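Below: one structure, written as structure tokens.
Protein chains: 2
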Amino acid sequence: MNDDSSRCRSNCPINFALETFGDKWTLLIIRDMMFKGKRRYGEFLASAEGISTNILASRLQRLEASGLIVSSKDPANRGVALYQLSPKGKDLLPVMLAITSWSGRYDALSSAPAAFLEELESDREGLTRKIRAAMEQT
Amino acid sequence: MNDDSSRCRSNCPINFALETFGDKWTLLIIRDMMFKGKRRYGEFLASAEGISTNILASRLQRLEASGLIVSSKDPANRGVALYQLSPKGKDLLPVMLAITSWSGRYDALSSAPAAFLEELESDREGLTRKIRAAMEQT
DNA sequence: CCTATTTACTTGCAAAATGCAAGTTGCGCT
DNA sequence: AGCGCAACTTGCATTTTGCAAGTAAATAGG
Chain A
91 MNDDSSRCRS NCPINFALET FGDKWTLLII RDMMFKGKRR YGEFLASAEG
141 ISTNILASRL QRLEASGLIV SSKDPANRGV ALYQLSPKGK DLLPVMLAIT
191 SWSGRYDALS SAPAAFLEEL ESDREGLTRK IRAAMEQT
Chain B
91 MNDDSSRCRS NCPINFALET FGDKWTLLII RDMMFKGKRR YGEFLASAEG
141 ISTNILASRL QRLEASGLIV SSKDPANRGV ALYQLSPKGK DLLPVMLAIT
191 SWSGRYDALS SAPAAFLEEL ESDREGLTRK IRAAMEQT
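Chains as they are written, first to last, in the numbering used here: chain A, 91 to 228; chain B, 91 to 228.
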């Protein structure tokens with residue numbers, strides 16, 4: 091293999107959006123929205139990893155600024171804010187599934203349910219469709 | 091859809107290895123090893139994003155501790171350290187490709203070469219094989 | 001053999017990000 | 001009006017990062 095299409099030299103870098111992927115809390119918030127259907131400030135705050143309230147506010151702001159989520163007020167209750175994934179945010183699903191699959195295989199602390207992991211390996215497309223449908227519901 | 095296999099409640103969390111994915115520099119180092127064939131301390135230090143030397147040392151140590159990379163001394167030159175992806179590290183390829191694909195579509199600052207992105211969309215399996223082969227070379 | 005250079009780090013300190021606890025604001029209910 | 005809840009904001013201590021400089025070991029040249 092002497093054509094080099096699979097490798098990049100420093101003059102043709104592969105860069106990616108580090109603001110999104112290089113941050114722990116950002117990924118957790120997206121995960122919560124994507125797989126757990128969370129939409130409210132208090133729900134994110136309650137996640138097992140224990141994000142603190144100032145950081146949560148800052149990350150939600152950043153996520154909205156970069157177009158990954160959209161915020162609105164619950165029409166039934168103006169005191170409640172709703173955060174939802176934008177199409178751009180929903181398109182992170184393949185990334186999250188790849189991370190989940192790798193973590194399920196290699197990271198002992200990463201406990202996705204076994205049924206979920208099995209379905210992910212055996213029928214990723216079907217699972218993807220199901221999750222996309224679930225995301226539209228909210 | 092009232093079976094809930096595509097969503098998880100808080101009692102069945104999807105957790106992933108945040109030490110790996112939640113850190114900016116960790117991802118960049120893995121990218122450099124995977125797509126650019128970098129193996130040496132000085133090469134990582136020279137990456138466009140400008141990691142500082144103390145952070146690089148700390149991340150390499152962490153990556154080795156978590157089994158993603160293996161370090162050795164260059165047999166031809168004992169003063170030179172070589173860092174290489176372990177099988178566990180190489181298996182991050184699908185994650186990196188998913189991130190690259192998303193970034194290529196949505197992030198203006200993320201410039202993977204167009205030919206790479208096209209191949210990624212049209213023949214991901216083939217590209218994956220090529221990159222895996224290239225990774226074995228080092 | 002002695003010196004200079006390269007490579008891979010370590011150290012010290014200032015700046016920034018994070019974590020924690022407490023306070024504030026706006027809305028809905030009674 | 002008064003209470004409660006949800007969504008933030010603020011202040012401050014702690015941790016992490018970034019930057020500049022320094023050290024140690026291994027080749028390279030004279």
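Yeah, the Cβ is synthetic: ideal placement off N, Cα and C, and Gly gets one too.
Just so you know, these numbers come straight off a predicted model, no measurement behind them.
Query: Enclosing beta strand (DSSP E) for B:K220 [first to last residue]; Result: No beta strand (DSSP E) contains B:K220, which is instead part of the alpha helix (DSSP H) from 214-227.
Query: Test: A:A166 CB closer than 8 Å to a CB of chain B; Result: no
Query: In chain order, each alpha helix (DSSP H) run of at least 4 residues that lies wholly inside the segment 106-159 of chain B; Result: 108-111, 114-126, 131-135, 143-155
Query: Residues near B:L172 in its chain [Cβ-Cβ closer than 6 Å; skip 5 each side]; Result: R129, S162, D164
Query: Bridge partners - A:A171, DSSP secondary structure assignment; Result: A:K163
Query: Closest by C-alpha distance to A:R222, when choosing among A:W115, A:A198, A:L182, A:A204; Result: A:L182
Query: Buried or exposed by the 16-neighbour rule on C-beta atoms within 10 Å, applied to B:S191; Result: buried
Query: Simplified DSSP assignment, three categories, for A:P184; Result: helix
Query: A:K180 at chain B interface by Cβ criterion, 8 Å; Result: no
Query: Reduced DSSP secondary structure (H/G/I, E/B, other) of A:A202; Result: coil
Query: Coarse secondary structure for B:I104, derived from DSSP in three states; Result: coil
Query: Any C-beta of chain B under 8 Å from that of A:G112; Result: yes
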